[in-house]
């Protein structure tokens, strides 16, 4: 069995300490302490904090009474064990390989860590440049506008969009600070009023406090949330946050399955992406204070669909008077449909 090198170095350190400090430590022994006639005292220096960088006065002293001869034999046994390991060429080869492998692993890990740090710095360096550009060309050139925004906001739009990183409404539609009160979630879904969520809270604030004039539900192509909705089993996995959320669009899924059963899965998903927008529009009308304002004509509800594979945009508006908002047989009628390409 190989002995760790630390044992040998410790024994040498202790022996050297005893030789150098034996006479000095003798003065610290209590005069009344009994000393066995046939035993010699060996003094060990015990650091209170660390072996390194401490003066002698900062070291604690532990005295172990025992035979110097036994200590010598103990050290000799460890040195003999070490010597036998050194004489074995197999062990030397294995140790050499292990050391080289460990050194290479440490080097690779260090490079990986440095690369990650550099990548992180690059990402935030680019972000810093974009922020400074915004400050220089938008904020400072429109200081009066931002001064007004610091006191209050009065957006015209409440936008409900997908959380997908490829479909930022501000980038696509050019919303500027103060233009739109926005919430983004998976698959741009609006739950009915009886299902509380952060979307409900955002709607209440936007409609009742900010008194927005337009609610705009925006969907998009290649939506992962809709793909999850269309592919999930009939029995919902309650342990999945995603499935527990996208089930809000279950009616859109059922409608799609009914009219597009003969289409491919991708085509069904594309149909459901638009159908779920209209389902969310109908769900908006389950909120009494939204339906009341829509009925009075002070609030309009719109749908939008962004196809980022072709960079086209479809827009339509709810025709409230022609829509059926009853619980049974609900359907949405639209008007003012437009296609931007």
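Numbering (the numbering used here), first residue to last: 4 to 344. Beta carbons are placed, not taken as given, at the ideal position from N, Cα and C, and that holds for glycine. Because the structure is a prediction, the values reported are computed rather than measured.
Boundaries of the beta strand (DSSP E) in which residue i is found, first to last residue
| i | result |
| --- | --- |
| residue 303 | 303 to 310 |
Beta-bridge partners of residue i, as assigned by DSSP
| i | result |
| --- | --- |
| residue 164 | 187 and 221 |
| residue 337 | 321 |
| residue 316 | 309 and 343 |
| residue 327 | 334 |
First through last residue of the alpha helix (DSSP H) which encompasses residue i
| i | result |
| --- | --- |
| residue 346 | What the structure shows of the chain is the stretch from 4 to 344, and residue 346 is not part of that stretch, so it cannot be assessed. |
| residue 280 | 268 to 287 |
| residue 170 | From DSSP, residue 170 is part of no alpha helix (DSSP H); its letter is neither H nor E. |
| residue 179 | Run containing residue 179: none; DSSP gives neither H nor E here. |
| residue 300 | Element bounds for residue 300: n/a, residue is neither H nor E. |
| residue 258 | 253 to 262 |
| residue 206 | 201 to 207 |
| residue 234 | 227 to 234 |
| residue 247 | 244 to 249 |
Counted within 10 angstroms of its Cβ, other Cβ atoms place residue i as buried (16 or more) or exposed
| i | result |
| --- | --- |
| residue 298 | exposed |
| residue 185 | buried |
| residue 342 | exposed |
| residue 209 | buried |
| residue 237 | exposed |
| residue 125 | exposed |
| residue 127 | exposed |
| residue 315 | exposed |
| residue 168 | exposed |
| residue 199 | exposed |
| residue 188 | buried |
| residue 300 | exposed |
| residue 256 | buried |
| residue 174 | exposed |
| residue 276 | buried |
Option nearest residue i by Cα separation, candidates the options
| i | options | result |
| --- | --- | --- |
| residue 3 | 216, 262, 267 and 218 | One cannot answer for residue 3 here, as it falls past the ends of the chain, which runs 4 to 344. |
| residue 335 | 344, 322 and 343 | 322 |
| residue 250 | 340, 232 and 265 | 232 |
| residue 258 | 247, 248, 271 and 246 | 271 |
| residue 303 | 329, 214, 142 and 194 | 214 |
| residue 194 | 131, 208, 284 and 316 | 284 |
| residue 306 | 286, 204 and 313 | 286 |
| residue 162 | 138, 172 and 168 | 172 |
| residue 320 | 243, 217 and 269 | 217 |
Exercise. When the Cβ atoms of the segment 275 to 291 are set against those of the segment 219 to 232, are three or more pairs found closer than 8 Å?
Worked result: yes
Problem set entry | Contact the segment 293 to 307 vs the segment 150 to 158: 3+ CB pairs below 8 Å | no
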